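According to UniProt numbering, the sequence shown holds residues 1 to 107 in order.
Glycine residues also receive a C-beta, built at the ideal position from the N, C-alpha and C atoms.
None of these values were measured; they are calculated from a predicted model.
Read through the structure below, which is laid out as structure tokens, and then see the notes.
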Amino acid sequence: MSLFAVLVAPLPSSQTLPEFRNVLPKGFDYHRKLIDEGVILHSWIRVGMQGGLNIYDVESHEQLLAALYANPISQHLQFEIIPLARRDSFDPSEWGEDATHPSTNAS
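Structure (structure tokens):
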């Protein structure tokens, strides 16, 4: 599985549009569905600004984009996508002074 942090915010021009306000409840329902399905692992509201921070656990970048753009309010949102790696996926011993790196190891 792949982890992505996604910062979500409404497009400034969308906030006053009646269609944005009308479809907003459907967008929240869709968001709750992704949480219930385990696609969104964590969801936070950004204090002092509109939008949120969500952690998605998906099979691929393509699945992430499909989940984001299937949201009924996606056309009114902007996304910043940040790929993540689990802490246990990094072995710091591979980067110590005694580590052998293919790029620096002359054969």
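A85 is positioned such that its CB atom lies no closer than 7 Å to that of Q50. The alpha carbon of L3 has as its nearest neighbour, out of E59, L11, G52, R46, the alpha carbon of E59. Contact check between the region 14 to 21 and the region 70 to 77: three or more CB pairs, one atom from each, fall below 8 Å, which counts as touching.
Three or more beta-carbon pairs separated by less than 8 Å are not found between the region 89 to 99 and the region 27 to 44, which leaves the two stretches without contact. Contact check for K26 against P72 passes: the beta carbons are separated by less than 7 Å.
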